[in-house]
Amino acid sequence: MGDEALISDAEFRLSMRHLAGAVSVITVGDGQDRTGFTATSVSSFSADRPSVIVSINRTSSSWPALQRYGCFCVNVLAADQQHVAQSFSGIGRRKGAERYEGAGWYRLRTGAAALENALTVLDCKLETTFHHHSHAILIGHICAMEIRRDIGPLLYWQGGYHDLPAAIDERCLEPDDFRSVRPKI
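Just so we're aligned, residue 1 is where the sequence shown starts under our numbering, counting upward by one.
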């Protein structure tokens, strides 16, 4: 067989609509140079050196900022944060720092924006980038994180947003509803 495509782009996209995914907003930059994007292509990578994988289209306006800053924050959205997902997906034609309007933000270790009340926040230093056709795969080392346990996740499936109820994992419980895990400096 040759390298010719066996399936069309449309067939591939239709198939991927069946893959339910947690919705995250990836933030990068500082001040008016802030930008970001909505992603369902986020996955854990290694627990030995806590890290995640994020996929980004290299035509994205966030790509140059990721290369410049070398850090990013994965904000895993809670069920009540669909408006944030829509803002960072470009709905309403918001770009750059405009996408941050209508939500509260703070910073952890790298300086990338962390979303208040996100399900979990993973503050990452970019370690490795792999290019594959139109996209890049980012591997980010998690430098700091925060976990919220009182609400379920926002999911994307079949072209729409959905939510699940919160499921408490007894292994993660602490006295507070919000747990912060920050490395010693």
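Glycine included, C-beta positions come from ideal geometry on N, C-alpha and C. Quick caveat, the model's predicted, so the values are computed rather than measured.
message: Quick check on the DSSP output: the alpha helix (DSSP H) that includes residue 52 runs from which residue to which?
response: Here residue 52 belongs to no alpha helix (DSSP H); instead the beta strand (DSSP E) covers 51-57.
query: Can you tell which of 18, 146, 130, 90 has the C-alpha that lies nearest to the C-alpha of residue 196?
result: For the chain, the structure presents residues 1 to 185; residue 196 sits outside this window and is missing.
query: Is the stretch 5-18 in contact with the stretch 80-98, if contact means three or more CB pairs nearer than 8 Å?
result: no
message: Please classify residue 156 as buried or exposed, where buried requires at least 16 neighbouring CB atoms within 10 angstroms.
response: It counts as buried.
- request: Measure the alpha-carbon distance for residue 88 versus residue 56 and round it to whole angstroms.
  value: 13 Å
- prompt: How should residue 27 be labelled, buried or exposed, when 16 other C-beta atoms within 10 angstroms of its C-beta is the threshold for buried?
  reply: buried
message: Can you check which of these residues, 63, 120, 122, is closest to residue 29 by C-alpha distance?
response: Here the closest residue by C-alpha is 63.
message: Using a Cβ-Cβ cutoff of less than 8 Å, which residues in the same chain neighbour residue 11 once the five nearest sequence positions on both sides are dropped?
response: none
- prompt: So what does DSSP say about residue 66, is it helix, strand or coil?
  reply: helix
query: So what does DSSP say about residue 26, is it helix, strand or coil?
result: strand
query: So what's residue 98 in DSSP terms, helix, strand or just coil?
result: Correct three-state label for residue 98: helix.
field: Residue of 144, 127, 163 minimising C-alpha distance to residue 138
entry: When only C-alpha atoms are compared, the closest one is 127.
- request: Leaving out five residues on either side along the sequence, give the residues of the same chain with a beta carbon under 6 Å from the beta carbon of residue 151.
  value: 78, 79, 166, listed in sequence order.
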